[in-house]
Amino acid sequence: MSLIACHECDLLQKRTDEIPPHSKAVCGRCGAVLYRHIPDSIDRTIALAIAGLVLFICANVFPFLAFEVSGQATQSTLISGAASLYLQGMWALAFLVFVTCIGAPLMQILLMLYIFMPLKFGRLPAHIPLAFRSLREIQAWNMIEVFMLGILVSLVKLTKMATIIPGLALWSFVGLIVVLTAAATAVDAELVWQKLDCNNGKR
Ligand SMILES: [Zn+2]
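In terms of our numbering, the sequence shown is residues 80 to 282.
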C-alpha cells in the first residue's frame, strides 16, 4: 500500500493506483487535487514536444528583428538580436532574453523528449528523478517567455533601434509558447513516479 501526502494540508492518505480516465483524486480533508488522470499523457506530451521543437527551430532560423543602420536594412534572428543587445551594453536584458526565449524553451523540449520517448517504449531513462524535477522547475517559469517577449517588443519600439518583423519567426514563437503550455498540462507527474516505483520494485 502506498501513501500520498496532500500538498495543501499534509494529510497522509492511501493511494489508489487506478483512477478512471478524465477523473481526479482529491484530498479527503481539504479537497485539493492530489493527482489527475490525463488520457494518452505520454503520446500527447511527445507530440507536443516535437511540434514545439519544429516551432523553436522556425522561431530561431527566420529573421525576428530588422535593423536599419545608416540607410542599410539588416535582419537578425532572435539569437543575434540577443547578441546585439549584449553588444549595446544591455547585458542583463540580453541574458534574460537568451535564457527565457531560447534556453528555457529548448531545455523544456529536450527534457520532455528525453523523459517520455523511452517511457513510450517501456524503458526508463537514466537519472529520471533529476530530469523530471528539472522539467518541473523550468515549467514553473513558463509564462516568463510571454513577459520577456512583451519587454523585447516595447524596448525595440522605444529605442527605435529596430523593428520586429511580423513574420514566420514571431508567429512561430507565439505558437511555441502555446504548444509548451499545452505540453505542460499533458504531463502526468503521477504516471512518471509510478513507472519509477515499478522499476525500483523490480530490482
Ligand atoms: Zn488536503
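Note that CB positions come from ideal geometry on N, CA and C, so glycine has one too.
Proximity to A162 [Cα-Cα], best of F143, A152 and S149: F143
Sufficient close CB pairs (3 or more, under 8 Å) joining the stretch 188 to 206 to the stretch 127 to 139: yes
Three-state secondary structure assigned by DSSP to T242: strand
Neighbourhood of ligand 1 [Cβ distance below 6 Å to any heavy atom], ordered by chain position: C85, E87, C88, L90, C106, R108, C109 and A111
Backbone secondary structure at T153 - three-state DSSP: strand
Supposed contact pair F146 and M240 - C-beta distance, whole angstroms, cut 8 Å: 7 Å
Simplified DSSP state of L144, which is helix, strand or coil: strand
Limits of the unbroken alpha helix (DSSP H) element including R215: I207 to Q218
Beta-carbon proximity list for A111, same chain, < 6 Å, skipping 5 on both sides: C85 and E87
Chain C contact for C85 (CB, 8 Å cutoff): Of the chains in the structure shown, none is chain C; there is only one protein chain.
Limits of the unbroken beta strand (DSSP E) element including L172: Per DSSP, L172 belongs to no beta strand (DSSP E); it is in the alpha helix (DSSP H), W170 to V176.
Reduced DSSP category for D276 - H, G, I as helix; E, B as strand; rest coil: helix
Unbroken alpha helix (DSSP H) run spanning Q187, endpoints: A183 to K199
Length of the line joining the Cα atoms of P204 and L198: 8 Å
Status (buried if at least 16 other CB within 10 Å, exposed otherwise) for Q167: exposed
Proximity winner among V225, W272 and I117, relative to V178 (alpha-carbon distances): V225
Where the beta strand (DSSP E) through V112 begins and ends: V112 to R115
Validate contact between the stretch 112 to 122 and the stretch 258 to 278 using beta carbons, cut 8 Å, 3 pairs: yes
Where I98 sits in the DSSP three-state scheme: coil
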